[in-house]
Structures are given as C-alpha cells and as structure tokens.
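Structure, as structure tokens:
2 protein chains.
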Amino acid sequence: MSQGALDRLSLNQITTEQWNLKEAIEGCIRHEVPWISVWRHKIEEFGLAESARMIKDSGLKVSSLCRGGMFPAATASERQGRLEDNFRAVEEAAELGTDTLVLVCGPAPDRDIDQARKWVEEGIEKLVPFAEQHGVKLGIEPLHPMYAGDRSVVNTLGQANQMAEKYNPSQVGVVVDVFHVWWDPDLYNQITRATGKILGFHVSDWILPVPDIFKGRGMMGDGVIEINRIRQAVERAGYLGPIEVEIINQSIWDRPGDDVLTEVKQKFAEHV
Amino acid sequence: MSQGALDRLSLNQITTEQWNLKEAIEGCIRHEVPWISVWRHKIEEFGLAESARMIKDSGLKVSSLCRGGMFPAATASERQGRLEDNFRAVEEAAELGTDTLVLVCGPAPDRDIDQARKWVEEGIEKLVPFAEQHGVKLGIEPLHPMYAGDRSVVNTLGQANQMAEKYNPSQVGVVVDVFHVWWDPDLYNQITRATGKILGFHVSDWILPVPDIFKGRGMMGDGVIEINRIRQAVERAGYLGPIEVEIINQSIWDRPGDDVLTEVKQKFAEHV
Numbered sequence: 001m002s003q004g005a006l007d008r009l010s011l012n013q014i015t016t017e018q019w020n021l022k023e024a025i026e027g028c029i030r031h032e033v034p035w036i037s038v039w040r041h042k043i044e045e046f047g048l049a050e051s052a053r054m055i056k057d058s059g060l061k062v063s064s065l066c067r068g069g070m071f072p073a074a075t076a077s078e079r080q081g082r083l084e085d086n087f088r089a090v091e092e093a094a095e096l097g098t099d100t101l102v103l104v105c106g107p108a109p110d111r112d113i114d115q116a117r118k119w120v121e122e123g124i125e126k127l128v129p130f131a132e133q134h135g136v137k138l139g140i141e142p143l144h145p146m147y148a149g150d151r152s153v154v155n156t157l158g159q160a161n162q163m164a165e166k167y168n169p170s171q172v173g174v175v176v177d178v179f180h181v182w183w184d185p186d187l188y189n190q191i192t193r194a195t196g197k198i199l200g201f202h203v204s205d206w207i208l209p210v211p212d213i214f215k216g217r218g219m220m221g222d223g224v225i226e227i228n229r230i231r232q233a234v235e236r237a238g239y240l241g242p243i244e245v246e247i248i249n250q251s252i253w254d255r256p257g258d259d260v261l262t263e264v265k266q267k268f269a270e271h272v
Numbered sequence: 001m002s003q004g005a006l007d008r009l010s011l012n013q014i015t016t017e018q019w020n021l022k023e024a025i026e027g028c029i030r031h032e033v034p035w036i037s038v039w040r041h042k043i044e045e046f047g048l049a050e051s052a053r054m055i056k057d058s059g060l061k062v063s064s065l066c067r068g069g070m071f072p073a074a075t076a077s078e079r080q081g082r083l084e085d086n087f088r089a090v091e092e093a094a095e096l097g098t099d100t101l102v103l104v105c106g107p108a109p110d111r112d113i114d115q116a117r118k119w120v121e122e123g124i125e126k127l128v129p130f131a132e133q134h135g136v137k138l139g140i141e142p143l144h145p146m147y148a149g150d151r152s153v154v155n156t157l158g159q160a161n162q163m164a165e166k167y168n169p170s171q172v173g174v175v176v177d178v179f180h181v182w183w184d185p186d187l188y189n190q191i192t193r194a195t196g197k198i199l200g201f202h203v204s205d206w207i208l209p210v211p212d213i214f215k216g217r218g219m220m221g222d223g224v225i226e227i228n229r230i231r232q233a234v235e236r237a238g239y240l241g242p243i244e245v246e247i248i249n250q251s252i253w254d255r256p257g258d259d260v261l262t263e264v265k266q267k268f269a270e271h272v
C-alpha cells in the first residue's frame, strides 16, 4: 500500500496495550494516525462519557469497538447476562461514535461445539434489533481455529458469512482479520462471497516460530501472510474503509508506544 | 469405547518419546497394546533391518509409519530431494510391515501458500506409483491450521479429501486426527465424504490452556474434543482399523513410559 494510503490506517488499541486510552489518542495525533479502534477494557479507566469526549475532542475517527460476543454459556440466565453485556457494548459503540461492534463470539462452555454455535446464532438474533436501533452494525469476526476452545466457535469466514447472510448488511456483516483467516484454502472464495458485507479489515502477521498462542502476532511483513493479496481481495469485495493494525504481542507491548507506532506506519506502508 | 475394544489401540510412538523403539516395543508387550505406529527418527538408532526384526519378533502389528511428506521447497532440486526421501520412507514402511505411510505435507518455503499446495499435489502424484509398487498406501493427514506456517499447508479434511479423490483408495487416502480437525464446522460432512478412504484415526485431546503450539496435546478426556462422536462418524465412514494414540506433550514425555501407557489404556477405554 502506498504511503498516501495511511488515511486508512487505524490503531487497534490492543497493539499499544501499554498505553491507556488518553495516551493512545495522543499517540495517534502525534503520528497522524486518523483512526482508532477502542477496546472496552480501556474505556473503564476513564468512564464512557469521558472516553467519548476525549475521542471527539481529538478529531480521531473510531473504526470499531472491540468487542461484543461471548454468547454461549451453560445456563439460560448466564446467556441472558451475556446478551445484556452485549446491549451495553452496543450503547458504548454508539456513544463512542462508531457504527461497528466487533463480535468475538465465544467458546463452548463444555464439549458441545454444535450447541455453542447455535447459541451464537441465537445471541446475534436477539442482539440485532437493539443494535439496529442504536445505528450499530455487528461484525462477526471468525477467529483462528486455534482459539476454538477458549475464544470463539466461529472459526472460518465461511461460517461467519453463513451467519451474516440472514441479515441486511446494515445489520450484520463480517470482519476479516488476516491472522485468523490466512491459512484457509477457501479464503478467496469466501471473501468474494462476503462482497458488500465486510465491516472491517485487520492486519498483523503470522511469525515463526509463533511466540505464544494468544500473544502470538507479528508486525506486517515479519511473517508468512500474503497481506497485500488479501487486502486486494477485500477491496474487490467492496471494502474501502479503515484498516486496523491489531497486534497482540508481549514484546511489542514492552516497547515504548511511540516506537511501535513509528514501525506500524512504516510496515503498513510497505506491506499492507 | 469399551474395554474389549483395546484390540484397536495403537501406540503412536511420539506419545512415549522418552522411549526408544526397543523400549516402546517392550512397553506395548507388557501392557498388551497390540499395535504400534513407528516414527522414522526412532528407527535410526537401531537401523531399519534391526528395527523391522525387533517388531516382527514382538508380534506387534504396525499401524503406520510416520511420516512422509514435506514436499514443498524453493528449488526443483530441493523438491527432488524431498521426493527421494519419500521413496525411502515408502521402502521403510514396507520393510516394517505396514501398508500405510502418513503424509505431513509440509509448509511453504515462502509466503505463497497456493504454490506450496500445488507442490504437495505434484509430490504425491510422483510418489504414488512407487508406493503402489511397494504395497504402501499414502495417508494425507490434514494438520491443524495453526501448523499452516511451519508443518503443513493441508489444513482441512476437505482439502485432504479433494487431493485423495484423484486416486484409488488403495493408493491414497486420508488420516483423521481429532486434534487437527475437531474445530472444523464441516467436519462430519467431510468424514462422510471420506467414506472408504480413511487410512488412519488418531486420538488425543485439546486441553486448555494449550501448553505449547507443538507439544500442546492432552490425554483423551482431559480436553474439549468430542472424541467418541468423531470415532463413531469415522466408523460409519467404514474405518474399523487401529486407533493411534498420538500425544505430543512435554509433561507426558517427562513421566515414566509405563505410567503413560497405563493411563493411555484407561483413558482410551473411557473416552475413545
């Protein structure tokens, strides 16, 4: 991607986990990053109203709120609790000025992965009217199959597409994260199938050896993912919105945030 | 699976990495495990002829040789070298008295995963006539997508089925390992599609948290995989052969092998 395209760059806040929301906002301003994706645990420190005010005052645009989801649970009352937490997430997204809530759909509470997948569909079904009232779209993000046991039972773009297709694109779509989908032999077919329904595009890289199951992502260009090829496919499928850099990696969190943003911009220009 | 079904139990030798081949054979005899799956690095210590003699004298049956594959490489001469190594693996399988060579197909030498997948298909195409002459079938084992970067670009049973369908089941089939495929939303369809083509069935479990990317497997019953459900599907697809227990886990390697085999038999009877 050319240097000029940095106007699509969004800092997903988990990339600079070492920064709180205020520091991340200031960092984006200093480095002329126009977009930010906010994580809910980062809002807690300042409260929702103050977080929303800081963002508004900064002029930053919010590409998404991360995250809703986590629908499956062992009992009906627990599932209701999860749903209510999703209502809060929708309200937070609206208040922060983004139209996209990313869904990390959650693992099974037991071994029954089929049932958990049904609970995900039920949860989304119940969440859609509330989200629509608030002008918030739900972006189903398939997670890499290595997270099927503890983070999400939605593990392929095909699955996410199937779930999203029950709704209008203004209600539910999919989020494509290269780290989660790069290995999929059906990836480019499924990106085409998602035309008009892609609500977000996330980049990082798959580095070898993978340093950690959760904190295992690398900077764009440092790994084996054909990031640029996937970006082009996503663009052909109609997605021209912000591109979030979402890198979960302890060694990146251990560096000064400004160094990280400098490298993010450089690697984004070269490899995305 | 009932206790009586232990006649299908096979010790995949990597489960007792702490044992050499002689110790593993003696362990199987002591614990009345009728099958063994041999790894090539374990043959080296004794040499092929002595290894084959030890197995023959023991009366153990060999469920498979692990492994051929690793087809993709950057240059034609390197790929030829990989192919020749596969010829040796076929000869070893035949000498050891097994009709099944498990293929771990290999990663891409660069970022081009599509090209690597083509090289896998080319490698198999060139290997089939040689294997057939030696009475050895090639079992394509899809590996979990978390190994797409460093072990295999064949990551779903659907992919393995598609590759295997070009051949007779006497030439090429698939190997179903629950650890690699349990998360797949299309799993049961693909097992049905593999009817008559399943050459092996491997069990372990997906434990949480995953202790390590490579050495991350648990004992059957200790994790989240619906092992028994998958076994039943594999049986409906016509596979009634040996079931290999293949657990790659440092903490299991740190225990006395006899303790491991005792637990393997118990967990196999309870959870497979």
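Protein chains in written order, with the UniProt record's numbering: chain A, 1 to 272; chain B, 1 to 272.
Note that beta-carbon positions come from the ideal geometry of N, C-alpha and C, so glycine has one too.
Within the segment 134 to 162 of chain A, contact with chain B at the beta-carbon level (separation under 7 Å) is assigned to His144, Pro145, Met146, Ala148, Gly149, Asp150, Asn155, Thr156, Gln159. The three-state reading of DSSP puts glycine 27(B) in helix, counting H, G and I together. Lysine 126(A) sits in a helix when the DSSP states are folded into three classes. Residues of the same chain with a CB within less than 6 Å of the CB of glycine 196(A), apart from the 5 flanking positions on each side, are Pro169, Gly238 in chain order.
Under a criterion of Cβ atoms nearer than 7 Å, the residues of chain A adjacent to leucine 208(B) are, in order, Gly149, Asp150. With the criterion set as a beta carbon lying under 8 Å from some beta carbon of chain B, the members of the segment 218 to 236 of chain A are Gly223, Val224, Ile225, Glu226, in sequence order.
Among the bridge pairs identified by DSSP, glutamate 244(A) is matched with Ser10(A), His202(A).
Between arginine 8(A) and the set Glu32(A), Pro145(A), Val90(A), the nearest pair of CA atoms involves Glu32(A). At a cut-off of 8 Å, the C-beta of alanine 108(B) has a neighbouring C-beta in chain A. When Cβ-Cβ separations below 8 Å define contact, isoleucine 43(A) makes no contact with chain B.
Listed along chain A is no residue with a C-beta nearer than 9 Å to that of arginine 193(B); the closest approach is about 15 Å. Ser64(B) is the residue among Ser64(B), Ala49(B), Leu21(B), Arg30(B) whose C-alpha sits nearest the C-alpha of glycine 241(B). Between isoleucine 227(A) and valine 178(A), the C-beta spacing is below 8 Å. Taking 8 Å as the threshold, the shortest C-beta distance from tryptophan 183(B) to chain A falls below it. With contacts defined as CB atoms closer than 8 Å, isoleucine 213(B) and valine 210(A) qualify as a contacting pair.
The Cβ neighbour count for serine 51(A), taken over all protein chains shown within 10 Å, is at least 16; the residue is labelled buried. The beta carbon of isoleucine 213(B) sits closer than 8 Å to some beta carbon of chain A. At least one CB atom of chain A sits nearer than 8 Å to the CB of arginine 111(B). Distance from the Cα of aspartate 114(B) is smallest, within the candidate group Ala93(A), Gly158(A), Trp183(A), Ala148(A), for Trp183(A).
Counting the other CB atoms within 10 Å of its CB gives alanine 49(B) a total below 16, which places it among the exposed residues.
In this structure the segment 218 to 227 of chain A does not touch the segment 148 to 168 of chain A; the number of beta carbon pairs closer than 8 Å is below three. The closest CA to that of glutamate 121(B), considering only Gly135(B), Leu103(B), Val264(B), is found on Leu103(B).
Under the criterion of beta carbons closer than 8 Å, arginine 40(B) and glutamate 92(B) qualify as touching, at roughly 7 Å.
Residue pairing by DSSP puts valine 102(A) in a beta bridge opposite Cys66(A), Gly139(A). Check the Cα spacing between threonine 15(A) and each of Asp57(A), Gln171(A), Glu263(A), Leu187(A): the tightest is with Glu263(A).
Comparing alpha-carbon positions, the option among Val128(A), Glu17(A), Leu6(A) lying closest to asparagine 249(A) turns out to be Glu17(A). Per DSSP, reduced to three states, the secondary structure at lysine 267(B) is helical. Leucine 208(B) has its alpha-carbon roughly 9 Å from the corresponding atom of glycine 216(B). The residue from Asn86(A), Pro72(A), Gly97(A), Met70(A) with its alpha-carbon nearest to that of aspartate 57(A) is Gly97(A).
A buried status is given to glycine 200(A), since no fewer than 16 other beta-carbon atoms sit within 10 Å of its beta-carbon. According to the DSSP assignment, serine 152(A) belongs to no beta strand (DSSP E), since it is labelled neither H nor E. The residue among Asp186(B), Ala24(B), Trp35(B) with its C-alpha nearest the C-alpha of alanine 233(B) is Asp186(B). Residue Val175(A) holds the alpha-carbon nearest to the alpha-carbon of glycine 158(A) among Gln171(A), Val175(A), Asp150(A). Nearest in C-alpha terms to leucine 101(B), of all of Arg30(B), Phe130(B), Trp19(B), is Phe130(B).
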